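Colleague: Sequences listed follow chains A and B, in order.
Adding 446 to a residue's 1-based position in the first sequence gives its number in this note's numbering.
Adding 446 to a residue's 1-based position in the second sequence gives its number in this note's numbering.
Positions of the beta carbon are idealized from the N, C-alpha and C atoms, including for glycine.
Keep in mind the model is a prediction, meaning the values are calculated, not measured.
First the structure, which I've put down as structure tokens, then a few questions once you've had a look.
Number of protein chains: 2
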Amino acid sequence: MDATEQVIREEGHAAVSSRRVAEVAGIQQGLVYYYFESMDDLLVATFQRRTARGMARYEKDARSDKPVAALWKDLNQGLDARMSFAFVSLASHNERVREVYTRFLSESRQLQCEAIARDAAARGIDISPATPMALAFILHSTSLMMGREAALGMTEGHEEVRRLLDGLLEKFA
Amino acid sequence: MDATEQVIREEGHAAVSSRRVAEVAGIQQGLVYYYFESMDDLLVATFQRRTARGMARYEKDARSDKPVAALWKDLNQGLDARMSFAFVSLASHNERVREVYTRFLSESRQLQCEAIARDAAARGIDISPATPMALAFILHSTSLMMGREAALGMTEGHEEVRRLLDGLLEKFA
DNA sequence: GTCTATACACCGATAGAC
DNA sequence: GTCTATCGGTGTATAGAC
């Protein structure tokens with residue numbers, strides 16, 4: 447799974463083959479099929495491990511003493527943009543990957559909504575006209591987009607966006 | 447190029463091969479190489495055509511009598527999420543596709559920034575603490591994310607996000 | 001567990017007939 | 001312009017030795 451992630455990151459998901467993964471892992475091609483029934487299984491297992499790690503990170507953020515600040519920091523530093531794109535791209539046309547991805551998206555957003563609502567209530571912060579859901583959505587999408595562009599070598603305007611959101615979230619810090 | 451787009455949309459960019467594209471287009475495989483020197487050329491040409499059409503749409507929005515409202519409407523209706531993901535995924539590992547994509551992103555954002563700034567000035571609208579750049583970025587990323595999720599069958603929270611942004615952009619309508 | 005060897009499908013690209 | 005035929009390479013997956 448480590449080798450699979452590496453290939454996706456460096457060469458894209460189209461380059462993931464039993465031969466290439468085996469080469470990176472330092473084993474022979476046939477051995478891949480001793481551990482995974484098919485390449486599809488390997489792919490699904492790899493993404494499942496990723497989403498489990500992602501959820502663990504978000505849960506840790508939610509339990510910290512500054513949930514929203516921790517989440518926002520995590521979204522801006524912890525996202526692996528290239529893996530993320532590969533994930534979406536695959537999810538569009540692979541039912542099993544789509545299930546893994548939509549469950550992760552749904553559960554993590556739910557978690558983030560609750561964290562925002564609880565944090566705002568605890569600190570007496572009024573986020574209107576936004577709602578926890580809208581805020582969670584916007585934080586997620588903007589940080590993902592900045593990660594995407596940064597992965598492609600573009601950072602124009604990112605400082606401005608970050609400054610604006612940092613300011614709006616100031617009371618949570 | 448139409449056949450290529452169709453294959454990308456329905457089966458993903460990994461399924462784009464001269465044989466598959468030829469089959470969809472109703473021609474023989476070898477003929478693809480009469481019109482395009484390589485599959486890479488076909489892919490780049492296909493995306494180039496898309497970005498040209500995208501820019502034309504944004505320019506039309508910018509010239510309309512309600513630039514920001516037109517842009518926001520366009521972002522929410524005109525984005526082909528699946529093509530968009532394939533584009534990004536490919537751009538990560540194909541230099542020529544990356545160039546096409548980053549130029550498009552950069553030019554379209556520039557255009558949108560100017561449209562927002564001009565529209566706000568003309569209507570005497572104060573968008574602070576946001577800036578034209580930050581606003582363009584957030585509109586783009588949220589609409590893209592909603593398109594992405596909708597393509598995967600998720601629409602939870604979208605109404606809330608749209609309501610919030612519609613409200614914030616109300617003065618532009 | 002790990003290897004080698006192999007079957008069979010599909011890939012990009014080219015050659016040459018019409 | 002469009003076709004058929006073909007090359008070498010790579011893909012998934014399996015069989016069987018050790």
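Use the C-beta contact count for Pro-578 (chain A): other C-beta atoms within 10 angstroms, 16 or more gives buried, fewer gives exposed.
Modeller: Classification for Pro-578 (chain A): buried.
Colleague: My guess is that Leu-615 (chain B) and Val-514 (chain B) are in contact by the Cβ rule of under 8 Å, so how many angstroms apart are they, rounded?
Modeller: With a Cβ gap of about 6 Å, Leu-615 (chain B) and Val-514 (chain B) count as contacting.
Colleague: Between Ala-491 (chain A) and Leu-477 (chain A), is the Cβ-Cβ spacing less than 8 Å?
Modeller: No, they are not a contact pair.
Colleague: What residues from the region 505-536 of chain A come within 8 Å of chain B, judged by C-beta to C-beta, listed N to C?
Modeller: Answer in chain order: Arg-528, Phe-531, Ala-532, Val-534, Ser-535 and Leu-536.
Colleague: Using the C-alpha atoms, what's the distance from Val-470 (chain A) back to Ala-516 (chain B)?
Modeller: The alpha-carbon atoms of Ala-516 (chain B) and Val-470 (chain A) are separated by roughly 49 Å.
Colleague: Note down the Cα distance separating Gly-541 (chain A) from Leu-536 (chain B), rounded to an integer number of angstroms.
Modeller: Per the sequence shown, the amino acid found at residue 541 (chain A) is Glu instead of Gly. Each residue's Cα considered, the two are about 21 Å apart.
Colleague: I'd like to know if Glu-469 (chain A) contacts chain B, where contact means its C-beta is closer than 8 Å to some C-beta of that chain.
Modeller: Not an interface residue.
Colleague: When the distance is taken between beta carbons, is Val-534 (chain A) closer than 8 Å to Phe-531 (chain B)?
Modeller: Yes, these two residues count as a Cβ contact at 8 Å.
Colleague: Have a look at Ser-539 (chain A) and Gly-570 (chain A) and give me their C-alpha separation to the nearest angstrom.
Modeller: Here residue 539 (chain A) turns out to be His, not Ser, going by the sequence shown. Straight-line Cα distance between these residues: approximately 44 Å.
Colleague: Three-state secondary structure (DSSP) at Val-490 (chain A)?
Modeller: Note: Val-490 (chain A) maps to helix in three-state DSSP.
Colleague: Could you give the distance in angstroms between the alpha-carbon of Ala-508 (chain A) and the alpha-carbon of Asn-522 (chain A)?
Modeller: Between Ala-508 (chain A) and Asn-522 (chain A), the C-alpha separation is close to 16 Å.
Colleague: Should Thr-450 (chain B) go down as buried or exposed, given a rule of 16 or more other Cβ atoms within 10 Å for buried?
Modeller: Flag for Thr-450 (chain B) reads buried.
Colleague: Are the C-beta of Gly-593 (chain A) and some C-beta of chain B separated by less than 8 Å?
Modeller: Closer than 8 Å: no.
Colleague: For Phe-482 (chain B), which three-state DSSP category applies?
Modeller: Of the three classes helix, strand and coil, the one that applies to Phe-482 (chain B) here is coil, per DSSP.
Colleague: What first and last residue would you give for the alpha helix (DSSP H) that runs through Ala-604 (chain B)?
Modeller: With the sequence shown as reference, residue 604 (chain B) is identified as His, and Ala is not the correct amino acid for it. Here the alpha helix (DSSP H) through His-604 (chain B) covers 604-614.
Colleague: Quick one: Cα of Asp-565 (chain B) to Cα of Asp-487 (chain B), how far?
Modeller: The straight-line gap from Cα to Cα measures roughly 39 Å.
Colleague: Could you work out which residue in A:Gly-472, A:Arg-496 and A:Val-462 is closest to Met-485 (chain A) when comparing CA atoms only?
Modeller: The shortest Cα separation from Met-485 (chain A) among A:Gly-472, A:Arg-496 and A:Val-462 belongs to A:Val-462.
Colleague: Compare the C-beta of Ile-573 (chain B) with all C-beta atoms of chain A and state if any pair is closer than 8 Å.
Modeller: Chain A contact via Cβ: absent.
Colleague: Would you report the Cα separation of Gly-458 (chain A) and Asp-572 (chain B), rounded to the nearest angstrom?
Modeller: When rounded, the distance between both Cα atoms is 43 Å.
Colleague: Quick one: residues in its chain with C-beta nearer than 7 Å to the C-beta of Val-546 (chain B), no 5 flanking neighbours on either side, listed in chain order?
Modeller: Contacts found: Val-490, Phe-493, Gln-494 and Thr-497.
Colleague: Give the single residue among A:Arg-544, A:Ala-580 and A:Pro-575 whose Cα lies nearest to the Cα of Glu-560 (chain A).
Modeller: The candidate whose alpha carbon is nearest that of Glu-560 (chain A) is A:Ala-580.
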